[in-house]
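Undergrad: Residue numbering for the sequence shown follows the working numbering, beginning at -2 and increasing consecutively. Idealized CB from N, CA, C, for every residue including glycine. Model, not experiment: these values are computed from the prediction. Pasting a structure here, questions to come.
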Amino acid sequence: LNETISLVYPMGDIDPFGNPLPVEKRLVVRGVCESGVYAVDLKWMMMSERDLRGLLLQGQSGFTSVWALLKNPFEIDRVLLSLEKVFAPWGPVRTWKTANQALFGALVLERRAVIGVIALVFALASLTLYGMLSVLVLEKRADFSVLYTLGLSEQSGMGILFRMAFVLAMLGAGVGILVGVIAVYGVSLIAIPLPDAYYIQALHVTQQPLYALGIVGLGVIIQILAAILPAYFLKRESPVDALRAVEGGVI
């Protein structure tokens, strides 16, 4: 702070032949601030209007754009039409959405990649549960046959598998959501630094309860659906054939 810097404006004056001449002005740094946006912090500075006019030619106004700030930035789509009607004679209107379109496109691509990874995790978990229930039905086929012989209905036998799948799904979802909440909370306490290629300097993480509940609910539903096929084979199995079956085999 309080250091003197030299600011050179290449179009500050004109020589007798009509060629532009640079103008140098010495300024004192009174403060340094960071917006968190790399493109802004890289090449933007604030100075008084009086000092700015000292760099410009007499006919230059010094104003190339007008900035408008909203209390709620997410209402920009609602007021965009009004702004375009007012400033149409002077030029196009740019919003924070259009200015950061490349960043938002990269974030959308990253979100799709994360959704793909989550889908693969769900698929692997479903196959794992299906394998567990299939092995259970294979090992307990004789026991289920005895229960069917004693009067157990097919719906009750399928209900046993569905309840077991529901318990396993709730156990896995409970452990998963607990670990996820703790991990996200720990990451949210610190700002993860990003490379200079990104528009922002740090990644801030927040928790979205609706997303967490949606993932848990979807996981439970998928795990219960994974029990349909073993339950179908169990229902199709004849008690007599199951009692006569030798050990081993695949459902």
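#1: Quick one: what does DSSP say R50 is sitting in, helix, strand or coil?
#2: So the candidates are P227, Y145 and S62; which of them puts its Cα closest to the Cα of G128?
#3: Based on Cα-Cα distance, which residue from P13, G177 and S32 lies nearest to Q198?
#4: Per DSSP, what kind of secondary structure is S150 in: helix, strand or coil?
#5: Helix, strand or coil for D10, going by three-state DSSP, please let me know.
#6: Roughly how many angstroms lie between the CA atoms of L18 and L4, to the nearest whole one?
#7: What first and last residue would you give for the beta strand (DSSP E) that runs through R23?
#8: To the nearest angstrom, how far is it from the Cα of A224 to the Cα of L126?
#9: Assuming the contact rule is C-beta atoms closer than 8 angstroms, R27 and L49 should be a hit. Round their C-beta distance to whole Å, please.
#10: Does the Cβ-Cβ distance between V114 and I174 come in under 7 angstroms?
#11: With distances taken Cα to Cα, identify the nearest neighbour of L135 among F230, N16, D10 and C30.
#12: May I ask you to report which of helix, strand or coil DSSP gives A85?
#13: Check whether the stretch 204 to 218 touches the stretch 177 to 192, counting contact only when three or more Cβ pairs, one atom from each stretch, lie closer than 8 angstroms.
#14: Counting only the same chain and skipping the five closest in sequence on each side, list residues whose C-beta sits under 7 angstroms from that of I189.
#15: Give the straight-line distance between the Cα atoms of S79 and V105, rounded to the nearest whole angstrom.
#16: In whole angstroms, what is the alpha-carbon distance linking V217 and V111?
#17: Between the Cα of M167 and the Cα atoms of F141, E0, G156 and L215, which residue gives the shortest distance?
TA: A quick look at the data gives this:
#1: Helix at R50.
#2: Ranking the options by Cα distance to G128, first place goes to P227.
#3: When each option's Cα is compared against that of Q198, the closest is S32.
#4: Three-state DSSP puts S150 in coil, outside helix and strand.
#5: D10: strand per DSSP, three-state reduction.
#6: Approximately 14 angstroms between the Cα atoms of the pair.
#7: Looking at the DSSP string, the run of the beta strand (DSSP E) that includes R23 is P17 to V25.
#8: Each residue's alpha carbon lies about 8 angstroms from the other.
#9: The pair is not a contact, with the Cβ atoms about 15 angstroms apart (cut-off 8 angstroms).
#10: Cβ atoms of V114 and I174: not closer than 7 angstroms.
#11: The candidate whose alpha carbon is nearest that of L135 is F230.
#12: In the three-state scheme derived from DSSP, where H, G and I count as helix and E and B as strand, A85 is classed as coil.
#13: Yes: the two stretches touch, three or more of their Cβ pairs being nearer than 8 angstroms.
#14: These residues qualify, in order along the chain: A199 and L200.
#15: Roughly 28 angstroms separates the two Cα atoms.
#16: Taking C-alpha positions only, V217 is separated from V111 by approximately 19 angstroms.
#17: Per the Cα distances, L215.
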